[in-house]
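Here is the structure we will look at.
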Amino acid sequence: MNREPTLDVRPPSQTIAFAAPLLGDEEFAASDTVLRSGWIASGPNVIALEKELSAYFGNRPTRVLTSETAALEVALQLLGIGSGDEVLIGAQTFFSSGNMVEKVGAKSVFVDVDLKSRNIDLADATRRLTSRTRAIIPTHYAGLACDMDALYAFARQHNVRVIEDAALAVGSSWRGKAIGSFGDIALFSFHPNKNITTIEGGALVCNDVADAKRVEVLRFHGISRLPDQTRDVDFPGGKFNMPDVNAAIGRAQLKKLDRFSARRRQLAHRYLANLGGVLPDELLPHRGHAGDEAGHSWNLFAIRLPLERIRATRPQIMESLRARMIATSVSYESPHLTTLFRSQGWKPGDLPNTELIANTTLTLPLHAGLSEADVDYVSAALASVLKEVDFR
Ligand SMILES: *Cc1c(COP(=O)(O)O)cnc(C)c1O
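Residue 414 in my numbering sits at position 348 of the sequence shown, and the numbers go up by one each step.
Here it is as C-alpha cells:
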C-alpha cells in the first residue's frame, strides 16, 4: 500500500473544485436570447425542456420544477402521503429526503446501505416495513444505479410506491436503460454540482399523464383553471415553476449530457487506476455493475479514509489537501443523526454502514471540466498526504 503513483504533479494555478458546472457559449447565448425575449418566467423553454427530457426518459411524462427538493415535496403530495404514513429512506443521501417527508407530516424511516455500493440495503428495508409504510426513497448513490430488479420486486411484493432520488444519476442507466426511463417516480436535480445544470432546478418523471397534470397544479399554488376563465384552488400548493432562462440553459446542457457522462467516467476510471496502489479496494468507490460499467454516470468520486490506521482526522486531511489547492467535500453526513432526527430517537449505532461511511467518506474533485493532469495531481497529492500521516 501507499506506493506513490509516479504522476505529473504540476500544482494548479487555482484551487481544483470538487464539483463545478461546465457552461459554454451555447448556454450563454440561450440565456441571453430568453432575457431579451420579454418572457423570462415559465414559458416555451420550459415546455420544450420537458419534451426533450421526456424523450430522454423513454417518453415518460416529465415536469420540471425549481429543485429536486421541490419535486420531492410535490411527489409526496401527489401520492397523498402525510400524517400516519411512513416512508423508507436510503440513508446514504442528502438531507432533503427526510426534510420533505417530515414537511408533509409523514414519518421518516431511515434504511442502512451496502458498504461498497452505498445504495439501499433492501434486507434492512424489509426489517423496517410496517403496515403504515407507503413509499420507499432509494438514492442512486454517486450515479451508480440501485439494483432495479431487486428494488421493484421489493416494491411489488410489499405494495409500496417508489420515489427514486436520482439527483446524482442524471445520465445513469441500469442494464442499458436510462434511469428515469422505467420504474415508478424518478426525481432529478439540476443543481450546479450535478451532471447537468439549470442553475437550480429539478425534474419529476412519472407514468401517467394525469399525474403529470396534477404536478403542474401542485407546483403552482394548487391552481386549476375553471371553464369561465377564473381560477380555483383545491390544495395549498407551492410555487415551484422553473423560469424560462433556467430551462433554456438546461436544454443546452441536455445536448451535452452524454459527452459529460463519458468524460466523468474516463476521469473516474483514471482515479481508480491511480489510487489502486494507494488505498485498499474496499475504500475505493464501486466501479459500476459488472458488465455494465457504462451505466455509472459518476456524479461523485467518494473514497473512504483509513482513519483508524493514520495519525490524522478527516478535517486535517481536508486541510492538507486544501493547502495543495484541492477542494474536497463530505457527501454525506448521516441524516438520521441530525438534531432533527435525534430528537425523534435516532441514535449512533442504528445504521452501522451509513455511519461508518459518513465518518470516513471524502469526496475528491470530479467534474467534466477536469483534465487528466488534474486527476493525476489530486491522486499524487492524496498519496503524499496519506504518507505524511504514516499510512502504509
Ligand atoms: C442534490 C441532491 C438533492 C437535492 O437536489 P436540489 O435540486 O438541490 O433540491 C437531493 N438528493 C440528493 C442525493 C442530492 O445529491
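C-beta: ideal position from N, C-alpha, C; glycine also.
### Query
In three-state DSSP terms, what is H335?
Here the question's residue 335 lines up with position 269 in the sequence shown. Assignment of H335 by DSSP, reduced to helix, strand and coil, places it in the helix class.
### Query
Which class does T296 belong to by DSSP, given the choice of helix, strand or coil?
As a first step, residue 296 is located in the sequence shown; it is residue number 230 there, counting from the start. Note: T296 maps to coil in three-state DSSP.
### Message
Just verifying my parser: in three-state terms, what is the DSSP assignment at I383?
### Response
Walking along the sequence shown from the start, residue 383 turns up at place 317. Helix.
### Query
When you compare each of A211, M214, N225 to T196 by their alpha carbons, which one comes out closest?
Within the sequence shown, numbered from 1, the residue matching residue 196 stands at position 130. In this structure, N225 is the residue among A211, M214, N225 with its C-alpha nearest to the C-alpha of T196.
### Task
Assign A389 to one of two classes, buried (16 or more other C-beta atoms within 10 Å of its C-beta) or exposed (fewer than that).
Working through the sequence shown from its first residue, we reach residue 389 at position 323. Counting Cβ neighbours within 10 Å, A389 comes out exposed, since fewer than 16 surround it.
#### Entry: Nearest neighbour of Q80, chosen from H433, E421, V455, A393 [CA to CA]
Here residue 80 refers to the residue found at position 14 of the sequence shown. Taking only the C-alpha atoms, the option nearest Q80 is A393.
#### Entry: Whole-angstrom distance between R336 and A438, CA atom to CA atom
One-based indexing of the sequence shown puts residue 438 at position 372. One-based indexing of the sequence shown puts residue 336 at position 270. Here the sequence assigns Glu to residue 438, which means Ala is not the residue at that position. Approximately 8 Å, taken between the alpha carbons.
### Message
I need the residues with a C-beta less than 6 Å from some heavy atom of ligand 1; please give them in chain order.
### Response
Proximity to ligand 1 was defined by a C-beta distance below 6 Å to any of its heavy atoms, and the residues meeting it, in sequence along the chain, are S133, E134, T135, T159, F160, S162, T205, D231, A233, L234, S255, H257, G268.
#### Entry: Residue nearest to G109 in terms of C-alpha spacing, selected from G357, N307, M391, L452
On the sequence shown, position 43 is the one that residue 109 refers to. Taking only the C-alpha atoms, the option nearest G109 is N307.
### Query
Which class does N68 belong to by DSSP, given the choice of helix, strand or coil?
As a working mapping, residue 68 is identified with position 2 in the sequence shown. Bear in mind that the predicted position of N68 carries a pLDDT of just 46, short of 50, making it too unreliable to give a figure here.
### Task
Starting from the Cα of V455, find the closest Cα among L387, N425, Y443, S409 and give me that residue.
Within the sequence shown, residue 455 is the residue found at index 389, counting from 1. When only C-alpha atoms are compared, the closest one is L387.
### Closest by C-alpha distance to N273, when choosing among I265, T264, G246, N261
Residue numbering aside, residue 273 sits at position 207 when the sequence shown is read from its first letter. Cα-wise, what sits closest to N273 is G246.
### DSSP beta-bridge partners of G343
If you number the sequence shown from 1, residue 343 lands on position 277. Answer is none; G343 lacks a bridge partner.
### Query
In terms of residues, what are the limits of the alpha helix (DSSP H) holding V179?
Mapped onto the sequence shown, residue 179 falls at position 113. That residue, V179, is in no alpha helix (DSSP H); it is neither H nor E in DSSP.
### Closest residue to T199 among S183, I155, G209 (Cα-Cα distance)
Along the sequence shown, read from residue 1 onward, the residue named residue 199 stands at position 133. Of S183, I155, G209, the residue nearest in Cα terms is I155.
### Query
So which of L142, T264, W240 has the shortest CA-CA distance to G90?
Taking the sequence shown and counting its residues from 1, the one referred to as residue 90 is at position 24. Nearest option by C-alpha distance: T264.
### Query
So does the segment 391-407 actually touch the segment 161-172, counting three or more Cβ pairs closer than 8 Å?
Counting C-beta pairs closer than 8 Å gives three or more between the segment 391-407 and the segment 161-172, which meets the contact rule.
### Task
Tell me whether the beta-carbon of I289 lies closer than 8 Å to the beta-carbon of V275.
By 1-based counting over the sequence shown, the position of residue 289 is 223. By 1-based counting over the sequence shown, the position of residue 275 is 209. Contact flag unset, no.
### Task
Using DSSP bridges, identify the partner residues of L428.
In the sequence shown, counting from the first residue as 1, residue 428 sits at position 362. Beta-bridge pairing links L428 to I369.
### Query
With a cut-off of 8 Å, do at least 3 Cβ pairs link the segment 227-247 to the segment 357-364?
Three or more beta-carbon pairs separated by less than 8 Å link the segment 227-247 to the segment 357-364, which places the two stretches in contact.
### Query
What does a CB cutoff of less than 7 Å around A376 pick up in its chain, not counting 5 residues either side in sequence?
Within the sequence shown, the letter at position 310 stands for residue 376. Looking at the sequence provided, one finds Ile at residue 376 rather than Ala. L452, V455, D456, F457.
### Query
To the nearest angstrom, how far is it from the Cα of V177 to the Cα of A424?
As a first step, residue 177 is located in the sequence shown; it is residue number 111 there, counting from the start. As a first step, residue 424 is located in the sequence shown; it is residue number 358 there, counting from the start. About 14 Å.
### Query
To which residues of the same chain is L292 closer than 6 Å at the C-beta, ignoring the five residues directly before and after it?
If you number the sequence shown from 1, residue 292 lands on position 226. Answer for L292: D298, listed in chain order.
### Query
Beta carbon of H352, beta carbon of L448: below 8 Å?
Position 286 of the sequence shown, counted from the first residue, corresponds to residue 352. Position 382 of the sequence shown, counted from the first residue, corresponds to residue 448. The answer is no: Cβ separation not under 8 Å.
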